[in-house]
Amino acid sequence: MPRAVCPRCERPASVCLCRSLPAAPVDTRSELLILQHPAEAAHAKNTAVLLRLGLARCRVLRGERFDPAAWAGPRQSVLLYPGPGPAVALPPPVAACRLILLDGSWRQSRRLLAAHPGLAALPRLALPADRGGRYALRWAHRPGQLSTLEAGLLGLEQLGEDAGILCPYGRHSTHLSRPAWRGPAGAGLAPAERRPAGIPARRVLT
Numbered sequence: 253m254p255r256a257v258c259p260r261c262e263r264p265a266s267v268c269l270c271r272s273l274p275a276a277p278v279d280t281r282s283e284l285l286i287l288q289h290p291a292e293a294a295h296a297k298n299t300a301v302l303l304r305l306g307l308a309r310c311r312v313l314r315g316e317r318f319d320p321a322a323w324a325g326p327r328q329s330v331l332l333y334p335g336p337g338p339a340v341a342l343p344p345p346v347a348a349c350r351l352i353l354l355d356g357s358w359r360q361s362r363r364l365l366a367a368h369p370g371l372a373a374l375p376r377l378a379l380p381a382d383r384g385g386r387y388a389l390r391w392a393h394r395p396g397q398l399s400t401l402e403a404g405l406l407g408l409e410q411l412g413e414d415a416g417i418l419c420p421y422g423r424h425s426t427h428l429s430r431p432a433w434r435g436p437a438g439a440g441l442a443p444a445e446r447r448p449a450g451i452p453a454r455r456v457l458t
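Going by the working numbering, the sequence shown opens with residue 253, and the numbers climb by one from there.
The following block contains the structure:
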């Protein structure tokens, strides 16, 4: 018999996260665009859905080919992905920015960039090397590996968003339960519990 899955947070009903999401989506100045590989969408610990539900200006597009119009327009698009050159330095204000995340393995991300030269040519934003994973949804197998959830939130912080939008997931137990979202007002919920599953070393943002 298939297990029940919450239609909103896409988690098994036994670990539904809806009660721990913000009462209303957190409004940020920057937009977050997640380009998600189809294989990642079905992953049991896909965290992009938490960004989509918790942030007012977040879109998730799934596929292997995308219309470049998705990252065109009046906002300055910035790609959160390591590049050969120095990371972009963006002056404030950040209100017109669009932060783009690639949700998939390194191989999938490289193929995505190869198929979309315009995307690969965008200015790139890099996270500080000392900002390791600190949320409890997944374990990293290598220093600096982050989930899509934490990469997106830390990227927004780099663009000048208030650090209060970050979700301080606790690491107290072995089962995932309630993550803590903090909006601009600083209201928090109970911390999440940790589960033992880890990210494969080949994955980057999941």
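Don't be surprised by glycine CBs; every beta carbon is placed ideally from N, CA and C.
Everything numeric in this text was worked out from a predicted model, so none of it was measured.
Residue i versus residue j: straight-line alpha-carbon distance, rounded
i: P334; j: P375; result: 10 angstroms
i: G306; j: C261; result: 10 angstroms
i: S329; j: R263; result: 30 angstroms
i: G407; j: L401; result: 10 angstroms
i: S425; j: A276; result: The pLDDT assigned to S425 is 24, lower than 50, so where the model puts this residue is not dependable; a value taken from the coordinates is nonetheless given after this. Computed Cα separation, rounded: 28 angstroms.
i: L285; j: L331; result: 10 angstroms
i: S399; j: T299; result: 7 angstroms
i: L365; j: G325; result: 19 angstroms
i: L213; j: A256; result: Any answer about residue 213 is impossible in this case: the structure gives the chain only from 253 up to 458.
i: L303; j: P274; result: 11 angstroms
i: P254; j: K297; result: 18 angstroms
i: H368; j: R327; result: 19 angstroms
i: W358; j: S272; result: 30 angstroms
i: L377; j: A415; result: 17 angstroms
i: C270; j: L287; result: 23 angstroms
Assigned exposure category for residue i - 16 Cβ within 10 Å defines buried
i: E316; result: exposed
i: G356; result: buried
i: Q301; result: The displayed chain sequence assigns Val, not Gln, to residue 301. Buried, since its Cβ has 16 or more Cβ neighbours within 10 Å.
i: V312; result: buried
i: C349; result: buried
i: A449; result: Here the model assigns A449 a pLDDT of 26, short of 50, so the residue's position is not dependable, and the following value carries that caveat. Exposed, because fewer than 16 other Cβ atoms sit within 10 Å of the Cβ of A449.
i: A403; result: buried
i: S266; result: exposed
Option in the options with minimal Cα separation from residue i
i: R363; options: F318, A403, P380 and R350; result: F318
i: G370; options: V257, P259 and I352; result: I352
i: L411; options: A367, W323 and E283; result: E283
i: L354; options: A415, R327 and R314; result: R314
i: A323; options: A293, A372 and L269; result: Strictly speaking, residue 323 in this sequence is Trp, with Ala absent from that position. That would be A372, whose Cα lies nearest to the Cα of W323.
Sequence-distant residues of the same chain with beta carbon closer than 6 angstroms to residue i, five excluded per side
i: P320; result: G370
i: H289; result: G356 and Q360
Proximal residues to residue i (C-beta, below 8 angstroms), its chain only, five neighbours per side dropped
i: T280; result: L307, A308, R309, L408, E413 and I417
i: P259; result: none
Same chain, Cβ closer than 7 angstroms to residue i, five either side skipped, listed in chain order
i: C268; result: C258 and C261
i: E292; result: N298, D355, G356 and T458
What beta strand (DSSP E) runs, 3 residues minimum, are completely inside the region 280-322?
Those beta strand (DSSP E) runs which fall completely within the region 280-322 and span 3+ residues are 283-288 and 310-314.
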